[in-house]
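Asks: For the protein sequence lines, the chains are A and B, in the order given.
If you count the first sequence from 1, you need to add 440 to reach my numbering.
If you count the second sequence from 1, you need to add 7 to reach my numbering.
Beta carbons: idealized from backbone N, C-alpha and C, even for Gly.
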Amino acid sequence: MREFLEQSIQPYFNYWVYVILMMIGLWATIAKNNLIKKLIGMSIFQTAIILFYVSVGVKKDSKIPIIPHQVEEHHAAEDGNHAGGHGEHGAKRVTEKHVIEPDKFANPLPHVLMLTAIVVGVSTLGVALAVVQMLFKEFGTLEEDEILAQIKTADSASLDV
Amino acid sequence: MIPIFDYILLIFLIVAAVISLKVKDLLSASMVFGIYSFLICLLWAEMGAVDVAFTEAAVGAGVSAVFLIATVYNTKRRSSD
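1) If I measure Cβ to Cβ from Gly561 of chain A and keep anything under 6 Å in the same chain, skipping five residues before and after, which residues do I get?
2) Roughly how many angstroms separate the alpha carbons of Ile76 of chain B and Phe45 of chain B, rounded to a whole number?
3) Going along chain B in order, which residues have a C-beta closer than 9 Å to the C-beta of Phe603 of chain A?
4) Taking 8 Å as the threshold (C-beta atoms), are Lys503 of chain A and Phe545 of chain A in contact?
5) For a contact meaning CB atoms closer than 7 Å, what does Asp58 of chain B contact in chain A?
6) Return the chain-ordered list of same chain residues with a C-beta closer than 6 Å to the C-beta of Ser495 of chain A, the five sequence neighbours on each side being excluded.
7) According to DSSP, is Lys544 of chain A part of a helix, a strand, or is it coil?
8) Taking C-beta to C-beta, are Ile47 of chain B and Leu20 of chain B nearer than 8 Å?
9) With H, G and I counted as helix, E and B as strand and the rest as coil, what does DSSP make of Asn454 of chain A?
10) Touch check for the segment 588-595 of chain A and the segment 46-64 of chain B: three-plus C-beta pairs under 8 Å?
11) Which residues in chain A have a C-beta closer than 7 Å to the C-beta of Ser27 of chain B? List them in chain order.
12) Tell me the start and end of each unbroken beta strand (DSSP E) in the segment 479-510 of chain A that is at least 3 residues and wholly inside, in chain order.
13) What separation, rounded to the nearest whole angstrom, lies between the Cα atoms of His526 of chain A and Leu16 of chain B?
14) Whole angstroms is fine: what's the gap from Thr581 of chain A's alpha carbon to Tyr80 of chain B's?
15) Going by DSSP, what residue range makes up the alpha helix (DSSP H) through Gly41 of chain B?
16) To which residues of the same chain is Ala557 of chain A closer than 6 Å at the C-beta, ignoring the five residues directly before and after it?
17) For Leu553 of chain A, which residues in the same chain have their Cβ closer than 8 Å to its Cβ, ignoring the five residues on either side in sequence?
18) Give me the subset of the segment 564-595 of chain A whose CB atoms are less than 8 Å from a CB atom of chain B, sorted by chain position.
19) Please state the DSSP three-state secondary structure of Asn473 of chain A.
20) Just checking: is the beta-carbon of Val560 of chain A within a distance shorter than 8 Å of some beta-carbon in chain B?
21) If we cut at 8 Å on Cβ distances, does Leu46 of chain B have a partner in chain A?
22) Give me, in chain order, the residues of the same chain whose beta-carbon lies closer than 8 Å to that of Met54 of chain B; leave out the 5 immediate sequence neighbours on both sides.
Following this line, the structure appears as structure tokens:
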């Protein structure tokens with residue numbers, strides 16, 4: 441049990457939570473009766489998928505993907521040009537500072553992809569809520585079973601005539 | 008990435024998701040969903056995705072909470088489940 445906890449759950453805790461959140465969202469989208477609750481479940485599903493993608497880009501002890509000391513590099517290059525005799529020394533310092541260790545930064549590619557996903561998710565939610573308001577104007581309720589019952593009675597009434 | 012902070016945030020995230028789906032008042036559900044969005048925004052800042060974090064804070068937590076509250080204001084507040 442302890443071995444399972446240390447080897448399977450602790451290193452992949454983000455992924456376990458991603459699966460749990462995704463299943464909560466799927467359950468709400470399918471099983472909830474209220475339309476707004478269904479939409480909240482859909483949003484939870486979307487954020488769970490974004491959580492998976494961002495978790496893929498994380499490394500151990502990684503920082504935010506921004507390269508520091510940009511100004512200092514520029515200064516070192518200028519010093520090298522002006523100093524003449526010490527030019528070689530200055531150039532060496534610059535090349536040393538240009539070394540970037542990718543292990544220290546989180547992978548920014550999934551982040552950039554997920555920015556689009558967030559914006560698309562909010563516009564989907566907006567359109568869906570507009571449709572819910574139109575349904576409320578038409579049927580006077582937000583419950584799915586009541587709307588379906590009203591549609592059924594209207595259909596059978598039109599068939600009888 | 009700070010492990011303890013990560014675990015606490017992820018557990019709060021699941022709790023907030025379950026509460027927002029279980030509560031019967033739709034306005035409370037919208038507010039708890041806003042709390043969920045801010046928690047996941049904090050999680051992304053902690054995981055090194057600062058750009059995703061501020062987009063989520065502005066768009067996910069702000070705009071979608073406003074959309075949900077506007078819909079609840081225009082329709083009914085009670086939910087059957």
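Replies: Result, derived from the coordinates:
1) What you label residue 561 of chain A is simply residue 121 of the first sequence in a count that begins at 1. Answer for Gly561 of chain A: Gln486, listed in chain order.
2) Counting from 1 along the second sequence, the entry for residue 76 of chain B is found at position 69. Counting from 1 along the second sequence, the entry for residue 45 of chain B is found at position 38. Using only the alpha carbons, I get a separation of about 16 Å.
3) Outside the modelled stretch of chain A, which goes from 441 to 601, sits residue 603 of chain A, for which no answer is possible.
4) For this step, residue 545 of chain A is matched to residue 105 along the first sequence. For this step, residue 503 of chain A is matched to residue 63 along the first sequence. With contacts defined by Cβ atoms closer than 8 Å, Phe545 of chain A and Lys503 of chain A form a contacting pair.
5) Within the second sequence, numbered from 1, the residue matching residue 58 of chain B stands at position 51. The contacting residues are His551, Leu555.
6) Translated into positions along the first sequence, residue 495 of chain A becomes position 55. Within its own chain, the residues whose Cβ lies closer than 6 Å to the Cβ of Ser495 of chain A, once the five positions on either side in sequence are excluded, are Asn454, listed in chain order.
7) What you label residue 544 of chain A is simply residue 104 of the first sequence in a count that begins at 1. In the structure shown, Lys544 of chain A sits in a helix (DSSP, three-state: H, G or I).
8) Residue 47 of chain B sits at position 40 when you count from the first residue of the second sequence. Residue 20 of chain B sits at position 13 when you count from the first residue of the second sequence. Yes, Cβ-Cβ distance for Ile47 of chain B and Leu20 of chain B is below 8 Å.
9) Here residue 454 of chain A refers to the residue found at position 14 when the first sequence is read from its first residue. In the structure shown, Asn454 of chain A sits in a helix (DSSP, three-state: H, G or I).
10) no
11) Against the second sequence, residue 27 of chain B aligns to sequence position 20. Going along chain A in sequence order, the residues near Ser27 of chain B (Cβ under 7 Å) are Ile480.
12) none
13) The count along the first sequence starts at 1 and reaches residue 526 of chain A at position 86. The count along the second sequence starts at 1 and reaches residue 16 of chain B at position 9. Residue confidence is low: His526 of chain A scores 49 on pLDDT, short of 50, so the model does not pin down where it sits. No coordinate-derived value is stated.
14) The residue given as residue 581 of chain A occupies position 141 in the first sequence. The residue given as residue 80 of chain B occupies position 73 in the second sequence. The straight-line gap from Cα to Cα measures roughly 14 Å.
15) As a first step, residue 41 of chain B is located in the second sequence; it is residue number 34 there, counting from the start. Looking at the DSSP string, the run of the alpha helix (DSSP H) that includes Gly41 of chain B is 33-53.
16) Here residue 557 of chain A refers to the residue found at position 117 of the first sequence. Counting only residues of its own chain and dropping the five nearest sequence neighbours on each side, Ala557 of chain A has a CB closer than 6 Å to the CB of Ile490.
17) As a working note, residue 553 of chain A is residue 113 in the first sequence. Contacts found: Tyr493.
18) Hits within the stretch, in order: Leu565, Gly566, Leu569, Val572, Gln573, Phe576, Thr581, Leu582, Glu583.
19) Sequence index remark: in the first sequence, residue 473 of chain A carries index 33 (1-based). Three-state DSSP puts Asn473 of chain A in coil, outside helix and strand.
20) The count along the first sequence starts at 1 and reaches residue 560 of chain A at position 120. Cβ-Cβ to chain B under 8 Å: no for Val560 of chain A.
21) Taking the first residue of the second sequence as position 1, residue 46 of chain B is located at position 39. Chain A, which has no Cβ nearer than 8 Å to the Cβ of Leu46 of chain B, makes this no.
22) As a working mapping, residue 54 of chain B is identified with position 47 in the second sequence. Cβ within range, chain order: Met8, Asp13.
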